[in-house]
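K.L.:
If you're matching positions, the sequence shown starts at 579 in the working numbering and goes up one per residue.
Note that beta-carbon positions come from the ideal geometry of N, C-alpha and C, so glycine has one too.
Input: one structure, supplied below.
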Amino acid sequence: METDMADSSFTRAQLIDKLNEDLAREYQAIIAYVVYSQVLKGAQFMAIAKELEAHAKEELQHALKVSRHIDYLGGMPTATAKAVKLTDSAEEMLREDLNNENETVRNYRERVRQCESLGEYGIAEDIREILRQEQEHQIDLATALGEDVPDVSKPKKAGAAR
Ligand SMILES: [Fe+2]
Ligand SMILES: [Fe+2]
C-alpha cells in the first residue's frame with residue numbers, strides 16, 4: 579500500500595532518529611506539564627491545572643514506551659528535551675501546550691505510516707494508542723482556551739507558522 583507520506587525508501591535508522599525526536603517532544607511535554615500545572619493561577623484555571631497534572635503522568639508513560647521501541651530497534655534513546663517556554667501568562671501556557679500537542683499529533687500520525695511501511699506493526703500499534711491520548715490532550719487544551727481542536731491532518735509546510 580502506497581500513500582504519499584509513507585515513502586518506501588524510509589529506513590530503520592531514520593525511524594530511530596524520528597522516534598528520538600518524538601522522545602525529545604515527550605520530555606518537553608513532561609516538563610511543561612509539571613511546571614504549568616503548578617504555576618497556573620486563577621479560579622478559572624483550577625480545573626485545567628488538574629488536567630495538566632494528569633497529562634504529565636501520561637507523557638511519562640509515552641516517553642517510556644517510545645524509549646523501549648528505540649532500544650528494540652537498536653538505537654540509543656536521547657536524554658535531551660526540546661526547550662520549554664516559561665511565561666507568567668496562563669493563556670500563553672495553554673497556547674504553548676496546544677501548539678506542542680498539535681505538532682505531536684502531526685508527527686505521530688506520520689510515524690504510524692512510517693512504522694507500517696517498515697512492517698513494524700507492533701510499534702505502530704503503541705503509537706496509535708499514544709496518539710489517541712495526545713488527541714485527548716488537544717481537546718482538553720482547546721476546550722480550556724474556548725476553541726475547537728485545529729485540523730492538523732495536512733502535513734505542515736517547512737517554516738510555516740503552527
Ligand atoms: Fe505524549
Ligand atoms: Fe500530550
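Should LYS732 be labelled buried (16 or more other beta-carbon atoms within 10 Å of its own) or exposed?
P.N.:
In the sequence shown, residue 732 corresponds to position 154, counting from 1. Under this definition LYS732 is an exposed residue.
K.L.:
Could you check if ILE648 is buried or exposed, using at least 16 other CB atoms within 10 Å of its CB as the buried criterion?
P.N.:
Locating residue 648 in the sequence shown gives position 70, counting from the first residue. With 16 or more Cβ atoms within 10 Å of its Cβ, ILE648 is classed as buried.
K.L.:
Spatial neighbours of ALA722 within its chain, please: CB distance less than 7 Å, with the 5 preceding and 5 following residues excluded, ordered by chain position.
P.N.:
In the sequence shown, counting from the first residue as 1, residue 722 sits at position 144. Only ILE626 and LEU672 meet the Cβ criterion.
K.L.:
Contact defined as beta carbons within less than 8 Å: I believe LEU678 pairs with ALA610. What is the distance between those atoms, to the nearest angstrom?
P.N.:
Taking the first residue of the sequence shown as 1, we reach residue 678 at position 100. Taking the first residue of the sequence shown as 1, we reach residue 610 at position 32. Note on identity: in this sequence residue 678 is Asn, with Leu being the wrong assignment. Indeed, because the Cβ distance is near 7 Å, the residues count as touching under 8 Å.
K.L.:
Answer with buried or exposed for ILE705, where buried requires no fewer than 16 other C-beta atoms within 10 angstroms of its C-beta.
P.N.:
Here residue 705 refers to the residue found at position 127 of the sequence shown. The residue in question, ILE705, is buried, as its Cβ has 16 or more Cβ neighbours within 10 Å.
K.L.:
Going along the chain, which residues of its own chain have a beta-carbon closer than 7 Å to the beta-carbon of LYS596, five neighbours each way excluded?
P.N.:
Taking the first residue of the sequence shown as position 1, residue 596 is located at position 18. Contacts found: ARG689 and GLN692.
K.L.:
Beta-carbon within less than 7 Å of LYS663's beta-carbon, same chain only, minus the 5 sequence neighbours each way: which residues are those?
P.N.:
The residue given as residue 663 occupies position 85 in the sequence shown. Once the five neighbours on either side are set aside, the close Cβ partners of LYS663 are GLU674.
K.L.:
Taking only three categories from DSSP, how would you classify VAL727?
P.N.:
Walking along the sequence shown from the start, residue 727 turns up at place 149. It is coil, neither helix nor strand.
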